[in-house]
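**Student:** Just passing along the structure, written as structure tokens.
2 protein chains.
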Amino acid sequence: MERLPLEKKVLSENDRLAAGLRARFREHGILCFNLISSPGSGKTSLLERTLESLPQNERVGILTGDIQTDNDARRLARFGFPVKQITTGGTCHLDARMIERGLEGWRLLDIDLLLIENVGNLVCPASYDLGEAAKIVVLSVTEGEDKPLKYPSIFFKAKLLVLNKVDLLPYVPFDIDAAEENARCIHPGMDIVRVSCTTGDGIQPWLAWLEQRRHLQLAARAESVVPERARAALR
Amino acid sequence: MERLPLEKKVLSENDRLAAGLRARFREHGILCFNLISSPGSGKTSLLERTLESLPQNERVGILTGDIQTDNDARRLARFGFPVKQITTGGTCHLDARMIERGLEGWRLLDIDLLLIENVGNLVCPASYDLGEAAKIVVLSVTEGEDKPLKYPSIFFKAKLLVLNKVDLLPYVPFDIDAAEENARCIHPGMDIVRVSCTTGDGIQPWLAWLEQRRHLQLAARAESVVPERARAALR
Numbered sequence: 088m089e090r091l092p093l094e095k096k097v098l099s100e101n102d103r104l105a106a107g108l109r110a111r112f113r114e115h116g117i118l119c120f121n122l123i124s125s126p127g128s129g130k131t132s133l134l135e136r137t138l139e140s141l142p143q144n145e146r147v148g149i150l151t152g153d154i155q156t157d158n159d160a161r162r163l164a165r166f167g168f169p170v171k172q173i174t175t176g177g178t179c180h181l182d183a184r185m186i187e188r189g190l191e192g193w194r195l196l197d198i199d200l201l202l203i204e205n206v207g208n209l210v211c212p213a214s215y216d217l218g219e220a221a222k223i224v225v226l227s228v229t230e231g232e233d234k235p236l237k238y239p240s241i242f243f244k245a246k247l248l249v250l251n252k253v254d255l256l257p258y259v260p261f262d263i264d265a266a267e268e269n270a271r272c273i274h275p276g277m278d279i280v281r282v283s284c285t286t287g288d289g290i291q292p293w294l295a296w297l298e299q300r301r302h303l304q305l306a307a308r309a310e311s312v313v314p315e316r317a318r319a320a321l322r
Numbered sequence: 088m089e090r091l092p093l094e095k096k097v098l099s100e101n102d103r104l105a106a107g108l109r110a111r112f113r114e115h116g117i118l119c120f121n122l123i124s125s126p127g128s129g130k131t132s133l134l135e136r137t138l139e140s141l142p143q144n145e146r147v148g149i150l151t152g153d154i155q156t157d158n159d160a161r162r163l164a165r166f167g168f169p170v171k172q173i174t175t176g177g178t179c180h181l182d183a184r185m186i187e188r189g190l191e192g193w194r195l196l197d198i199d200l201l202l203i204e205n206v207g208n209l210v211c212p213a214s215y216d217l218g219e220a221a222k223i224v225v226l227s228v229t230e231g232e233d234k235p236l237k238y239p240s241i242f243f244k245a246k247l248l249v250l251n252k253v254d255l256l257p258y259v260p261f262d263i264d265a266a267e268e269n270a271r272c273i274h275p276g277m278d279i280v281r282v283s284c285t286t287g288d289g290i291q292p293w294l295a296w297l298e299q300r301r302h303l304q305l306a307a308r309a310e311s312v313v314p315e316r317a318r319a320a321l322r
């Protein structure tokens, strides 16, 4: 009972910081995604596949969250892009202040795409805005097709569902069509890509989704820039 | 910052309620386990395998937690033992008060073994005592062998690690010996069983572990009863 008002206060403080981050990302033309899943669904593997596919002149930054260890940052650093580990030391999610601190020392003008890998947890990270353009939820086919119904908040909030480990479909009792149906029951119109980070299947559609979001962002920016110029001309 | 004192207060209130539950369990000779894992690691499947293996005259009760849906209670009810779903409606863990309420309407004298399936979350449930005799952590081989290092709290607190889905070992890059080593690095002397709820491999050792805990509890009770009787005789 008594917890609610403080939880609201913490979340509204987080919202304030996240709004600041979002404004900075917009100002510097950074497209930011927040990847959320259970532990072991394959967020880091998806990032590995992504980074190995991007040209070296891509201006990507990665913040990766964990309760303990810098394993993920070490795995991701070998692709040559700037990577920073955020170790929460017990906290079950990343919050906007951790992202602010994580960005310290980076020139935001040098980044076009910021990928945030959240702590492995399908529940709590859904409540914390990090200033991202979109949340992305990763669900692996070993986890059961009813997960969108059991953990609706993140499926409702994420723009994209990445159904990972499809190479394991022959070995697990997972109905992938039912999983998609359950996700769209919670979030009609949700984008979905099926991938295997092990075989590389589906990585192209995933990269195409990222690219499409980039075009949408550029188009939105262009639209917002034109009226500004028009206004300037009228002054 | 400001969150900590209240979190401590919430946890100490939970500890108080959990101590009450533990006393009631002891009084009624109930052995209680709290199963914790990520979503989809196989807690419900493990319970299904357990319930199908137990004789119908076993006096077992099951409380199963989820944020939404009563899917798990429906899956587990078909074995004929009393099952209740606890739907948290958003909360990322079970707490002692939810267990208290879940037990309402059950005659505790009719239960010998109480199995609690927590919300799928490898982080937050570790902080909440439910009055159990032991926490049990389930990790599936699809999740990566570094999880004990990344989520140390639950591996430190659990008496037993159930390494599930070993039937998938040929298809995933999971080093099961490294996983056990990581778990024992966090918690030396931790018990570990390897199981596949799909094939039934390892279910016998798991049942034997439960049985052994029951004998330990009975032995502890007998020890505590004797001095009481002795005290009574001296009055």
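Taken in sequence, the protein lines are chains A and B. Per this note's numbering, residue 88 is the first one in the first sequence, and the count goes up by one each step. Per this note's numbering, residue 88 is the first one in the second sequence, and the count goes up by one each step. Note that the Cβ used here is the ideal one computed from N, Cα and C, for glycine as well.
1. Go ahead and label B/Ile-149 buried or exposed: buried means 16 or more other beta carbons lie within 10 angstroms of its beta carbon, across all protein chains shown.
2. Using DSSP bridges, identify the partner residues of A/Phe-120.
3. Would you please verify whether the beta carbon of A/Glu-191 is less than 8 Å from any beta carbon of chain B?
4. Note the first and the last residue of the continuous beta strand (DSSP E) segment covering A/Asn-251.
5. Hey, is A/Asp-153's beta-carbon within less than 8 Å of any beta-carbon in chain B?
6. Check whether the Cβ atoms of B/Leu-217 and B/Ile-186 sit closer than 8 Å, and answer yes or no.
7. Use the C-beta contact count for B/His-180: other C-beta atoms within 10 angstroms, 16 or more gives buried, fewer gives exposed.
8. Quick check: the Cα distance between A/Asn-269 and B/Ile-263, rounded to an integer number of angstroms?
9. Return the chain-ordered list of same chain residues with a C-beta closer than 8 Å to the C-beta of A/Asp-254, the five sequence neighbours on each side being excluded.
10. Can you give me the Cβ contacts of B/Ile-279 inside the same chain, cut-off strictly under 6 Å, excluding the 5 residues immediately before and after it?
11. Taking C-beta pairs closer than 8 Å, name the residues in chain A that B/Asp-233 reaches, listed in chain order.
12. Among the candidates B/Asp-102, B/Pro-212 and B/Arg-271, whose CA atom is the shortest distance from the CA of B/Glu-232?
13. Counting Cβ pairs, one atom from each stretch, are 3 or more of them under 8 Å apart for the region 219-234 of chain B and the region 192-199 of chain B?
14. Sorry if obvious, but does the Cβ on A/Ile-290 come closer than 7 Å to a heavy atom of the ligand MG?
15. By how many angstroms is the C-alpha of B/Tyr-238 removed from the C-alpha of A/Leu-195?
16. Could you tell me whether any Cβ in chain A is nearer than 8 Å to the Cβ of B/Asn-121?
17. Contact check, B/Phe-120 vs B/Ile-223 under 8 Å by CB: the rounded distance?
18. What is the residue span of the beta strand (DSSP E) that B/Arg-281 lies within?
19. Tell me the rounded alpha-carbon separation between B/Phe-261 and A/Pro-126.
20. Does DSSP classify B/Ser-214 as helix, strand or coil?
21. If you follow the alpha helix (DSSP H) that A/Thr-131 is in, where does it begin and where does it stop?
22. Can you list, in chain order, the residues of its chain whose CB lies under 7 Å from that of A/Gly-189, leaving out five sequence neighbours each side?
23. Throw me the rounded Cβ distance for the A/Glu-145 and A/Leu-163 pair, which I believe falls under 8 Å.
24. Between the alpha carbons of A/Asn-158 and A/Glu-139, how many angstroms are there, rounded?
25. Counting only Cβ pairs nearer than 8 Å, list the residues of chain B close to A/Ser-240.
26. May I have the straight-line CA-CA distance separating A/Pro-235 from A/Ala-307, to the nearest angstrom?
27. Given this structure, state the Cα-to-Cα distance separating B/Ser-128 from A/Ala-221, to the nearest angstrom.
28. Pick out whichever of B/Asn-101, B/Glu-114 and B/Ser-99 has its Cα sitting closest to the Cα of B/Ser-311.
29. Can you tell me where the alpha helix (DSSP H) holding B/Gly-189 begins and where it ends?
30. Using a Cβ-Cβ cutoff of less than 7 Å, which residues in the same chain neighbour B/Met-88 once the five nearest sequence positions on both sides are dropped?
31. My output table needs one value for B/Ser-99: the three-state DSSP class, helix, strand or coil.
32. Starting from the Cα of B/Thr-178, find the closest Cα among A/Gly-116, A/Ala-183, A/Pro-212 and A/Arg-161 and give me that residue.
33. Between B/Val-225 and chain A, is there a C-beta pair that is closer than 8 Å?
34. Can you check which of these residues, A/Arg-301, A/Lys-130, A/Leu-226 and A/His-274, is closest to A/Ile-330 by C-alpha distance?
35. List, in chain order, every chain A residue whose beta-carbon is nearer than 9 Å to that of B/Cys-272.
36. Identify whether A/Ile-263 lies in helix, strand or coil by the three-state DSSP scheme.
**Tutor:** Considering the structure as presented:
1. Residue numbering aside, residue 149 of chain B sits at position 62 when the second sequence is read from its first letter. B/Ile-149 should be labelled buried.
2. For the purposes of this step, residue 120 of chain A is taken as residue 33 along the first sequence, with counting starting at 1. For A/Phe-120, which the question treats as bridged, DSSP gives the partners A/Leu-202 and A/Ala-221.
3. The residue you call residue 191 of chain A lines up with position 104 of the first sequence. Judged by the 8 Å Cβ criterion, A/Glu-191 is not in contact with chain B.
4. Reading the first sequence from its first residue, position 164 is the one you call residue 251 of chain A. Run containing A/Asn-251: 247-251, per the beta strand (DSSP E) assignment.
5. Here the question's residue 153 of chain A lines up with position 66 in the first sequence. It does; some Cβ of chain B falls within 8 Å.
6. Mapped onto the second sequence, residue 217 of chain B falls at position 130. Mapped onto the second sequence, residue 186 of chain B falls at position 99. Closer than 8 Å, so yes.
7. What you label residue 180 of chain B is simply residue 93 of the second sequence in a count that begins at 1. B/His-180 is buried by the Cβ-count criterion.
8. By one-based count along the first sequence, residue 269 of chain A stands at place 182. By one-based count along the second sequence, residue 263 of chain B stands at place 176. Cα to Cα, A/Asn-269 sits roughly 32 Å from B/Ile-263.
9. Translated into the one-based positions of the first sequence, residue 254 of chain A becomes position 167. Cβ within range, chain order: Ser-283, Thr-285, Thr-286 and Asp-288.
10. Taking the second sequence and counting its residues from 1, one reaches residue 279 of chain B at position 192. The answer, listed in chain order, is Leu-248 and Glu-267.
11. As a first step, residue 233 of chain B must be located in the second sequence, where it is residue number 146. Per Cβ cutoff of 8 Å: Thr-156 and Asn-158.
12. One-based indexing of the second sequence puts residue 232 of chain B at position 145. B/Glu-232 has its Cα closest to that of B/Arg-271, out of B/Asp-102, B/Pro-212 and B/Arg-271.
13. no
14. This structure lacks the ligand MG; in fact it carries no ligand of any kind.
15. Taking the first sequence and counting its residues from 1, the one referred to as residue 195 of chain A is at position 108. Taking the second sequence and counting its residues from 1, the one referred to as residue 238 of chain B is at position 151. So the alpha carbons of these two residues sit roughly 31 Å apart.
16. As a first step, residue 121 of chain B must be located in the second sequence, where it is residue number 34. Judged by the 8 Å Cβ criterion, B/Asn-121 is not in contact with chain A.
17. Counting from one through the second sequence, the residue named residue 120 of chain B turns up at place 33. Counting from one through the second sequence, the residue named residue 223 of chain B turns up at place 136. B/Phe-120 to B/Ile-223, Cβ: 5 Å. Contact.
18. Taking the second sequence and counting its residues from 1, one reaches residue 281 of chain B at position 194. It spans 278-281 - the beta strand (DSSP E) in which B/Arg-281 sits, taken as one unbroken run.
19. Here residue 261 of chain B refers to the residue found at position 174 of the second sequence. Here residue 126 of chain A refers to the residue found at position 39 of the first sequence. Whole-angstrom Cα-Cα distance: 14 Å.
20. For the purposes of this step, residue 214 of chain B is identified with residue 127 of the second sequence, where counting begins at 1. Helix at B/Ser-214.
21. On the first sequence, residue 131 of chain A is found 44 positions in, with the first residue counted as 1. Residues 130-140.
22. Looking up residue 189 of chain A in the first sequence gives position 102. Correct list, in chain order: Leu-150, Lys-171 and Ile-173.
23. Taking the first sequence and counting its residues from 1, one reaches residue 145 of chain A at position 58. Taking the first sequence and counting its residues from 1, one reaches residue 163 of chain A at position 76. So it is not a contact: roughly 14 Å between Cβ atoms.
24. Working through the first sequence from its first residue, we reach residue 158 of chain A at position 71. Working through the first sequence from its first residue, we reach residue 139 of chain A at position 52. Rounded to whole angstroms, A/Asn-158 to A/Glu-139 spans 18 Å at the Cα level.
25. Along the first sequence, one-based indexing puts residue 240 of chain A at 153. In chain order: Ile-154 and Gly-177.
26. By one-based count along the first sequence, residue 235 of chain A stands at place 148. By one-based count along the first sequence, residue 307 of chain A stands at place 220. Those two C-alpha atoms are separated by around 30 Å.
27. Position 41 of the second sequence, counted from the first residue, corresponds to residue 128 of chain B. Position 134 of the first sequence, counted from the first residue, corresponds to residue 221 of chain A. Looking at the two C-alpha atoms, the distance is approximately 27 Å.
28. Residue mapping note: residue 311 of chain B aligns to position 224 of the second sequence, counting from 1. Comparing Cα positions, the closest option is B/Glu-114.
29. As a position in the second sequence, residue 189 of chain B is number 102, starting the count at 1. Residues 183-190.
30. As a first step, residue 88 of chain B is located in the second sequence; it is residue number 1 there, counting from the start. Its pLDDT being 43, under 50, B/Met-88 is placed unreliably by the model, and the measurement read from it follows with that caveat. No residues qualify anywhere along the chain.
31. The residue given as residue 99 of chain B occupies position 12 in the second sequence. Three-state DSSP puts B/Ser-99 in a helix.
32. Position 91 of the second sequence, counted from the start, is the residue given in the question as residue 178 of chain B. Of A/Gly-116, A/Ala-183, A/Pro-212 and A/Arg-161, the residue nearest in Cα terms is A/Pro-212.
33. On the second sequence, position 138 is the one that residue 225 of chain B refers to. No, its Cβ sits nowhere closer than 8 Å to a Cβ of chain A.
34. Here chain A has residues from 88 to 322 only, and residue 330 of chain A is not among them.
35. By 1-based counting over the second sequence, the position of residue 272 of chain B is 185. Those within 9 Å of B/Cys-272 in chain A number zero; the least Cβ separation is about 11 Å.
36. As a first step, residue 263 of chain A is located in the first sequence; it is residue number 176 there, counting from the start. Note: A/Ile-263 maps to helix in three-state DSSP.
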